[in-house]
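Remarks on the structure that follows.
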């Protein structure tokens with residue numbers, strides 16, 4: 003019988019420049035900790051890393067506070083298009099959907115595609131797959147996101163992107179964040195998986211592809227797993243998730259790999275964040291933005307990064 007390892011878990015709900023009021027901070031903390039508690043208990047009960055990741059992503063997609071699934075931002079034409087991907091580190095297998103509309107949980111399609119010969123589908127293929135899976139049509143629009151879009155439309159979409167956290171007190175600052183959700187899990191068998199889902203950056207050109215459905219933003223092997231958040235173009239330019247994972251595979255500690263990679267990203271003036279786990283159970287997070295909305299379970303307790311705003315680029319435990 004395989005010896006069991008202590009499961010580890012880290013999740014994120016985006017990164018950005020401000021959480022404004024304490025109300026926003028406490029509400030986000032409650033949301034993230036609720037997901038951690040439920041998903042960690044799944045891992046303890048023997049769920050695989052992939053199952054835990056999908057469940058965590060579904061919970062975050064279903065929370066209208068975050069920019070993924072319900073609560074996704076609107077693109078320049080007022081439509082919601084979501085992207086998500088899943089990577090099973092043990093299998094070394096990546097799958098995802100790009101610019102899918104009218105489904106509740108894009109991560110479910112990514113999960114279905116894990117066993118398909120065609121593992122990444124764009125908008126038309128994703129819509130066809132949703133029909134094949136007989137997923138009910140779903141409208142992910144919330145009033146707050148609609149108000150945000152109307153406000154930006156009046157200003158001719160001058161904002162770089164929509165806010166990551168949909169809170170009434172945050173809508174006034176459209177640059178409040180870079181929205182994505184992500185989950186990285188290590189299960190009792192010592193296997194890793196990672197999932198990432200997003201509604202995009204908001205107000206973008208139709209057809210724009212985010213990093214969330216690319217290995218650049220979501221990558222895992224049997225050695226490490228990384229989910230990214232921030233400006234997708236910056237994450238793609240750094241090829242951030244694979245860069246960190248490959249460094250761990252080549253012998254760096256997770257801490258060293260994160261430190262090196264975030265040092266480079268900072269030097270290149272990128273705006274991004276990431277969460278990571280390695281097979282030894284090390285947990286790490288990093289950001290070049292002001293805040294990172296992440297929470298984790300280290301096997302003993304829950305912690306988060308919501309009030310981590312010192313000058314350090316990375317944190318770990």
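Residue numbers (my numbering): 3 to 319. The beta carbon of each residue, even a glycine, is placed where N, CA and C say it ideally should be. All figures in this text were calculated on a predicted structure; none of them were measured in a lab.
Where residue 278 is concerned, there is no enclosing alpha helix (DSSP H), although the beta strand (DSSP E) around it starts and stops at 274-280. Counting along the chain, residue 256 sits inside no beta strand (DSSP E); it lies in the alpha helix (DSSP H) bounded by residues 256-269.
Of the residues assessed, residue 252 falls on the exposed side of the cut-off, its CB having fewer than 16 other CB atoms within 10 angstroms. Taking C-alpha positions only, residue 74 is separated from residue 219 by approximately 18 Å. For residue 36, the three-state secondary structure derived from DSSP is helix. Around residue 140, the same chain offers 104, 105, 106 as residues with beta carbons nearer than 7 Å, after the five sequence neighbours per side are excluded.
Membership of residue 52 in the alpha helix (DSSP H) is indicated by the continuous run 51-63.
For the options 191, 63, 125, the alpha carbon positioned closest to that of residue 143 is the one of 63.
When secondary structure is reduced to three states using DSSP, residue 85 falls in the strand class. Assigned with DSSP and collapsed to three states, residue 250 falls in helix.
Where residue 195 is concerned, there is no enclosing alpha helix (DSSP H), although the beta strand (DSSP E) around it starts and stops at 194-200. By DSSP's assignment, residue 185 forms a beta bridge with 13, 197. The shortest C-alpha to C-alpha distance from residue 76 to any of 145, 55, 294, 32 is the one to 145. When DSSP reads this structure, residue 294 sits in a beta bridge with 17.
Secondary structure note for residue 132: its alpha helix (DSSP H) is the uninterrupted segment 125-134. Counting of Cβ neighbours within 10 angstroms places residue 184 among the buried residues, the total reaching 16 or more. A contact is defined here as three or more CB-CB pairs under 8 Å, and the stretch 222-239 meets this definition with respect to the stretch 77-97. Around residue 65, the same chain offers 33 as residues with beta carbons nearer than 6 Å, after the five sequence neighbours per side are excluded. Relative to residue 108, the option among 150, 80, 57 whose CA is nearest is 57. Residue 318 has 286 as its beta-bridge partners, per DSSP. Between the stretch 269-281 and the stretch 289-304 there are three or more inter-stretch CB-CB distances shorter than 8 Å, so the stretches are counted as touching. The C-beta separation of residue 308 from residue 21 comes to about 7 Å, placing the pair in contact by the 8 Å criterion. Assignment of residue 100 by DSSP, reduced to helix, strand and coil, places it in the strand class.
Straight-line spacing of the CA atoms in residue 155 and residue 208 works out to 15 Å. Residue 19 has its alpha-carbon roughly 23 Å from the corresponding atom of residue 262.
Residue burial annotation: residue 133 is exposed, with fewer than 16 other C-beta atoms found within 10 angstroms of its C-beta.
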